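Structure first, then comments.
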Amino acid sequence: ENNITNIEFTKGSLNSQDYLNLFKSIDCYVSISKGEGFSIQPREAMALGIPIIVTNNTAQTTLCRAGLSKIVPSNIREPALRKWGTILKEPIRYGEEYNCSKEDVIEALLDVYDNYDFYLARAENLKSWVKQYDYSNLKPYYLALIKPLKVCLSTKNRITKNVLYTNSKQLYEKYRKVLNVPH
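All residue numbers in the sequence shown are consecutive under the UniProt record's numbering, ending with 183.
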């Protein structure tokens, strides 16, 4: 309808080099998802200094709180219905999803387009912010989750490079028994 020719939809898998080349060729990464588990692709775009437009729901709220992306409000609550595989005849409700309006998406796209230099400059800060998710920075936390040097019963769940804090007495006892770690 608008004769837009610079938007590419992909389907299927790409090898790692083609995937990287595709990412390097984009001007802005858009994720108007109703819900995300971790939002890996927006973080990949951030690492390359590519401006991002994301909905402010589920895992993407972390990206929104960084204050470096264009945010699309997604406060339209909908049931998350899935019909997994072919064995289910009727969809099952798995919780909620959060949709956005077409008007808000259009507004975000136009804002980034009209102010691209601003968002591109801002995207340079995304590179620094997203480094916290690099494996080399996360590795000590993963190791502390799997085999902590110390386990503490706490009012909040938290992991440091050496200590796993949990508010679950059951989990606390399990770690202490399995790992034989001090408390």
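For glycine and all other residues, C-beta sits at the position ideal for the given N, C-alpha and C. Since this is a predicted model, take the numbers as computed values, not measurements.
Under the DSSP definition of a beta bridge, ILE92 partners with ARG82.
One alpha carbon belongs to LYS156, the other to ILE71, and they sit about 29 Å apart. The DSSP-derived three-state label of THR5 is coil. Per the coordinates, the alpha-carbon of SER168 lies some 47 Å from the alpha-carbon of TYR116. Under DSSP, VAL54 forms a beta bridge with SER31, ILE71. For the pair of segments examined, the segment 123-136 was found not to touch the segment 90-98: the number of CB pairs separated by less than 8 Å stays below three.
Judged by DSSP in its simplified three-state form, GLU36 adopts coil rather than helix or strand. Sequence-distant Cβ neighbours of SER154 in its own chain, meaning closer than 7 Å and more than five residues away, are TYR165, THR166, ASN167. Residue state for LYS169 is assigned as helix, using DSSP reduced to three classes.
A direct Cα-to-Cα measurement between ILE26 and TYR175 gives close to 45 Å. Bounds of any beta strand (DSSP E) do not take in LYS147, whose DSSP letter is neither H nor E. The DSSP-derived three-state label of ILE26 is coil. According to the DSSP secondary-structure assignment, ARG158 is paired through a beta bridge with TYR165.
With respect to SER39, ASN57 sits apart: the two C-beta atoms are not nearer than 8 Å. Take the alpha-carbon of LEU63 and the one of ARG43: they are about 8 Å apart. Counting the other Cβ atoms within 10 Å of the Cβ of GLU36 gives 16 or more, which makes it buried.
Pairing GLU8 with VAL30, the inter-Cα distance amounts to about 11 Å. The closest CA to that of ALA108, considering only TYR141, LEU22, VAL54, is found on VAL54.
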